[in-house]
Ligand code: SAM
């Protein structure tokens, strides 16, 4: 899969993609990232890519021309790609959207804005507008990296063990189960016994139950279309919670 990024801060992207899962995946050739410095696509002799807003007001606005020129060059090879404008006003990015993008199998162009944003005519050059959440960042570089990282994790071979991605939060409709490592006791806190029991069936059941518990506590909205087994575990969890509430020993649940 190829990601192409339009930005005025190539170094921000370059730095992140050298490391960790993303760095290894790129080294293995599982995906490719190409960065286009928008300052190379302006006719301004000072490489300026922004200007004052029509109508007045605060801040600067990115001009459309550098984006137009960079996209024109990118599209010369006529390969199928999806052009995404990163914007707090876009459709919310989720694990589901990451999966859809990967399954579409097209290259992805990520357009990073800065300042007050980009001249609105940019919308004639894009396929989709994506937001990574209801907050405003100073630029599209972090959202671009969020999108690349989350899609890359889903590509077979990108992680040491492909199972890791399948077990991640949201992949099975619930949040991830809790993880522990050595030491088995730290300042009086013990790792749950079942995890050192060696009984893989019990461990799998415990993990599913804890994943459901965590989802019930933090994101009950995700609990949809559950299997009969999950419904059984959920009922068990609810009666445990009810019992604790009656005993007055239960922490409040956020639902
Ligand atoms: N004035 C714009 C607004 O209120 O919608 C915000 C512009 S923001 C300071 C500059 C750039 O950061 C945007 O053009 C966009 O590319 C990026 N950006 C900021 N927050 C984002 C978010 N939540 N999701 C995706 N991109 C974001």
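Numbering (my numbering), first residue to last: -5 to 249.
Ideal Cβ placement from N, Cα and C applies to all residues, glycine included.
No experiment lies behind these values; they were computed from the predicted model shown.
Identity of the residue in the options nearest residue i by Cα
{"i": "residue 250", "options": "17, 20, 2, 18", "result": "The structure shown does not extend to residue 250, since the chain is modelled only from -5 to 249, so the question has no answer here."}
{"i": "residue 77", "options": "90, 83, 61", "result": "61"}
{"i": "residue 23", "options": "139, 241, 146, 112", "result": "146"}
{"i": "residue 84", "options": "73, 127, 136", "result": "127"}
{"i": "residue 169", "options": "156, 216, 143, 109", "result": "216"}
{"i": "residue 172", "options": "182, 181, 161", "result": "161"}
{"i": "residue 103", "options": "86, 123, 89", "result": "123"}
{"i": "residue 44", "options": "109, 95, 19, 68", "result": "109"}
{"i": "residue 166", "options": "224, 21, 174", "result": "224"}
{"i": "residue 99", "options": "148, 47, 214", "result": "148"}
{"i": "residue 199", "options": "64, 230, 97", "result": "230"}
{"i": "residue 38", "options": "48, 59, 27", "result": "59"}
{"i": "residue 197", "options": "159, 218, 174", "result": "174"}
Neighbourhood of residue i by C-beta, 6 angstroms cutoff - its chain only, sequence neighbours within 5 removed
{"i": "residue 134", "result": "80, 106, 107"}
{"i": "residue 112", "result": "56"}
{"i": "residue 31", "result": "4"}
{"i": "residue 143", "result": "16"}
Proximal residues to residue i (C-beta, below 7 angstroms), its chain only, five neighbours per side dropped
{"i": "residue 227", "result": "202, 203, 206"}
{"i": "residue 220", "result": "228"}
Where the alpha helix (DSSP H) through residue i begins and ends
{"i": "residue 68", "result": "58 to 68"}
{"i": "residue 185", "result": "Run containing residue 185: none; DSSP gives neither H nor E here."}
{"i": "residue 210", "result": "194 to 212"}
Inter-residue Cα distance where the pair is residue i and residue j
{"i": "residue 82", "j": "residue 233", "result": "41 angstroms"}
{"i": "residue 150", "j": "residue 25", "result": "11 angstroms"}
{"i": "residue 141", "j": "residue 52", "result": "30 angstroms"}
{"i": "residue 29", "j": "residue 186", "result": "46 angstroms"}
{"i": "residue 7", "j": "residue 188", "result": "42 angstroms"}
{"i": "residue 66", "j": "residue 119", "result": "10 angstroms"}
{"i": "residue 210", "j": "residue 50", "result": "49 angstroms"}
{"i": "residue 235", "j": "residue 89", "result": "29 angstroms"}
{"i": "residue 93", "j": "residue 154", "result": "19 angstroms"}
{"i": "residue 87", "j": "residue 239", "result": "37 angstroms"}
{"i": "residue 152", "j": "residue 237", "result": "44 angstroms"}
{"i": "residue 125", "j": "residue 42", "result": "26 angstroms"}
{"i": "residue 47", "j": "residue 114", "result": "11 angstroms"}
{"i": "residue 222", "j": "residue 157", "result": "23 angstroms"}
{"i": "residue 212", "j": "residue 0", "result": "36 angstroms"}
{"i": "residue 195", "j": "residue 21", "result": "37 angstroms"}
{"i": "residue 63", "j": "residue 54", "result": "20 angstroms"}
{"i": "residue 137", "j": "residue 129", "result": "11 angstroms"}
Beta strand (DSSP E) segment containing residue i, residue limits
{"i": "residue 85", "result": "75 to 86"}
{"i": "residue 124", "result": "122 to 125"}
Paired residues, beta bridge with residue i - DSSP
{"i": "residue 26", "result": "-4"}
{"i": "residue 101", "result": "75"}
{"i": "residue 230", "result": "Beta-bridge pairing links residue 230 to no other residue."}
{"i": "residue 112", "result": "56"}
{"i": "residue 1", "result": "31"}
{"i": "residue 179", "result": "184"}
Close Cβ partners of residue i (< 8 angstroms) along its chain, the five nearest in sequence each way excluded
{"i": "residue 101", "result": "-5, -4, -3, -2, 73, 74, 75, 76"}
{"i": "residue 190", "result": "178"}
{"i": "residue 164", "result": "88, 89, 90, 216"}
{"i": "residue 121", "result": "76, 77, 78"}
- Closer than 6 angstroms is what we want: which residues have a beta carbon that near any heavy atom of the ligand FMN? List them in chain order. As presented, the structure is devoid of the ligand FMN, carrying the ligand SAM as its sole ligands.
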